[in-house]
Amino acid sequence: MKLYDCQMAPNPRRVRIFIAEKGLPLPKVEVSILDGDNLKPEFLRINPRGLLPVLELDDGTVLDETVAICRYLEETHPEPNLMGATPLERATIESWQRHMEFDGLQAVSEVVRNSIPVFSSRGLAGTTQVPAIPALVERGTASMARFFTRIEQRLHETEFVAGNRFTIADITALCVIDTAQNFVKMPIPASNTSTQRWYAAVSSRPSAKA
Ligand SMILES: N[C@@H](CCC(=O)N[C@@H](CS)C(=O)NCC(=O)O)C(=O)O
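One point on numbering: in the working numbering, the residue at position 169 of the sequence shown is 171, and numbering is uninterrupted.
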């Protein structure tokens, strides 16, 4: 098994953190999105959409989509559980995981894709070349403000995003927040003390270095 990875990108990092939490040794092949290596024929033969991460199994089967890869790893390596142990817990974690994607990942991607010069002709991730639309930065910034408000409300009530333990929903949220901070200088608002408390806890886990 090997992971086609990109160190600087949030979706591959979600899988790296997931793998680190599981304690799995997994060889990685770095594909540079900034250099456009994901759009070259060698990688498009592996994933025609030109997107990362991709997990290649030993028999040559290729899995794309972050959550599909995590689902496969969860079922083949069940401990520690990161996606739910009972029907209700699985549904709850899935729900929060989707909130983090819709409210957070989509919002920060909109800001990053439409404001960073390297993506000026790559407004969409992957093979379709469209120009960035600077006006979308405003919408993405408003969405990020909503994300910060919603996650603060949630973390005021619960220790972790999906409840009382660390799950895939925390991994997604951490990757959203680090991308916002590192790429477009949108840190957690200082007054959001519950999010700050949660961030200190999850980012000090060894897996966060992945
Ligand atoms: N829904 C996909 C999204 C994958 C995706 O957008 N990956 C980004 C990196 S975070 C990418 O490959 N971008 C390629 C590009 O910008 O050309 C997943 O979760 O795997």
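By construction, the Cβ of each residue, glycine as well, lies at the ideal position given by its N, Cα and C atoms.
Residue i lies in the alpha helix (DSSP H); which residues open and close that run?
i    : result
V69  : T68 to T78
D172 : I170 to V186
K30  : Not the alpha helix (DSSP H): K30 falls in the beta strand (DSSP E), residues K30 to E32.
V17  : P12 to K24
L5   : No alpha helix (DSSP H) holds L5; the beta strand (DSSP E) holding it covers K4 to D7.
V204 : T195 to S205
L46  : P43 to L46
For the putative contact between residue i and residue j, defined by C-beta atoms under 8 Å, what is the C-beta separation to the nearest angstrom?
i    : j    : result
L54  : V33  : 6 Å
L46  : L57  : Their Cβ separation, rounded to whole angstroms, is 17 Å, which puts L46 and L57 out of contact at 8 Å.
F185 : I118 : 7 Å
R73  : M85  : 7 Å
A22  : P208 : 7 Å
I19  : A212 : 5 Å
I71  : V17  : 5 Å
Taking the alpha carbon of residue i as the point to measure from, which residue in the options has its own alpha carbon closest?
i    : options                   : result
S145 : R73, D105, A93 and V132   : D105
R148 : D39, E76, C8 and M102     : M102
M10  : L36, F150, Q108 and M188  : L36
N40  : G62, P14 and K211         : P14
G165 : R92, R51, L59 and P82     : R92
S111 : S97, E96, A127 and V120   : A127
K30  : T169, V178 and C8         : C8
R51  : G38, L59, G62 and E77     : G38
A175 : V113, G125, S123 and W98  : W98
F168 : R141, V204, T78 and V178  : V204
T143 : R152, R156, E44 and V114  : V114
D61  : Q131, V178 and M3         : M3
E76  : Q198, N116, C177 and G25  : G25
L28  : K42, L5 and E44           : L5
R199 : C177, A137 and V163       : V163
A210 : P189, C177, N194 and A192 : C177
Q155 : P191, L59, V132 and L107  : P191
Compute the minimum distance between the beta carbon of residue i and the heavy atoms of ligand 2, and state whether it is under 7 Å.
i    : result
R156 : Ligands present in the displayed structure are limited to ligand 1, and ligand 2 is not among them.
Between which two residues does the beta strand (DSSP E) harbouring residue i extend?
i   : result
E96 : Not the beta strand (DSSP E): E96 falls in the alpha helix (DSSP H), residues P89 to H101.
E58 : V56 to E58
Is there a Cβ from chain C that is less than 8 Å from the Cβ of residue i?
i    : result
A137 : The chain labelled as chain C is not found in the depicted structure, where only one protein chain is given.
- Taking the runs of the beta strand (DSSP E) that are 3 residues or longer, which of them lie wholly in the region 118-157? none
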